Amino acid sequence: MILFGQVSPEIENNSTKKLPFQSGEWFEFRIHYGIFNASYASIELVNDTINGVPVLHAKGYGRTTGLARLFFKLEDYYDTYFDEKKVIPYWFIRDIYEGGYTKNLEINFDHKKNIALVNNKKNNTKATFNITENAQDLLSAFYYLRAFYPNEKMEIDQTFSVNMFFDSENYIFKMKYIGKELLSTKFGKIKCMKFRPYVQSGRVFREKESVTLWITDDGNKVPIRLQAELAIGAIVADLYNFKNLKYPFKIIMN
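Anchor point for the sequence shown: position 51 equals 77 in my numbering, and the numbering is continuous, going up by one each time.
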């Protein structure tokens, strides 16, 4: 339920380009450390409505598996409802259990007023925060980046940024384009664009450019692999299964 603000069906489009995704799209990712599976995560996109206005609803789910689940139980649910054209979120839900740590938040975005209402259902508290223009939540950013940033005009080392709102804070997420690569995957060899997300250094990651992201160089802009270098080894998230892509999935056969 939207707690404040109105979802308008007459929102101007951010771009005239066709979006690289459609309702019914589904991905499953395998997260592993070397040969050891740590968890699986899925994300699905469906049509929905808010206040009678059509929106896209993305549903994310992740859980640890196998031996990893014995040592660290993780069960995360994410939902975002976003505008079909501008790809900006209206309603975000985060319900997580991570090794005993729990959080249950609902965030309602009012982009006309640039404010967000955070409903902490665990603590039964509500608070209003100022947000930056077109602020994205953790899940809607996945679609926003695919929709508006990877393009043919990008140059090596070019960076771009996205405004984010997470829990109660605004921050800027940056990515740098570092070129193209023919990536070997379980599906075959795939032409990809390669990016370096800028992340906060310290604690887990060694440096800001310790994370690498590969996205298909086609109409779908599918994230194929995310690799995070750790002090010892690396954690890798690989696309494991998919269905209902908007455009043909291009695989190069040997």
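Even glycine gets a Cβ: it sits at the ideal position worked out from N, Cα and C.
Keep in mind that this is a model prediction, so the values were computed, not measured.
Put simply, the backbone Cα of VAL144 is about 36 Å away from that of TYR273. When the five nearest sequence neighbours on each side are left out, the beta carbons in the same chain lying within less than 8 Å of the beta carbon of ILE278 are those of LEU208, GLY214, LYS215, ILE216, LYS217, in order along the chain.
Bounds of any beta strand (DSSP E) do not take in TYR170; it lies within the alpha helix (DSSP H) bounded by 166–174. In terms of Cβ geometry, ALA167 and THR154 do not form a close pair [threshold 9 Å]. The residue from PHE191, TYR170, MET201 with its alpha-carbon nearest to that of GLN184 is MET201. Excluding its 5 nearest sequence neighbours in each direction, ALA67 has C-beta neighbours in its own chain below 6 Å: PHE55, GLY88, listed in chain order. Taking the CA atoms as reference points, GLY86 sits about 15 Å from LYS269. Taking C-alpha positions only, TYR107 is separated from ASN77 by approximately 12 Å. In the assembly as shown, VAL188 is a buried residue. Its beta-carbon has 16 or more other beta-carbons within 10 Å. For PHE97 and VAL81, the gap between their C-alpha atoms comes out near 39 Å. Here PHE55 carries a strand assignment [DSSP, helix/strand/coil]. Nearest Cα to PHE221 within the set PHE199, THR211, SER65: PHE199. Distance from the CA atom of TYR116 to the CA atom of ASP136, rounded to whole angstroms, is 7 Å. Within the model, the alpha-carbon separation for GLU181 versus PHE174 is close to 15 Å. Shown here, GLY92 sits in a helix according to DSSP, grouped into three states.
PHE97 sits in a helix when the DSSP states are folded into three classes. Residue environment: ILE258 is assigned as exposed (fewer than 16 neighbouring CB atoms within 10 Å of its CB, all protein chains considered). In the three-state reduction of the DSSP assignment, GLU159 falls in the coil class, being assigned neither a helical nor a strand state. Burial state of ASP109 is buried, judged by a 10 Å Cβ sphere holding 16 or more other Cβ atoms.
Per DSSP, the beta-bridge partners of ILE216 are LEU209.
Secondary structure of LEU45 (DSSP, three-state): coil.
In the three-state scheme derived from DSSP, where H, G and I count as helix and E and B as strand, ILE114 is classed as coil. With at least 16 other beta carbons inside 10 angstroms of its own, ASN246 counts as buried.
In this structure, GLU51 is the residue among GLU51, ARG251, THR91 with its C-alpha nearest to the C-alpha of VAL72.
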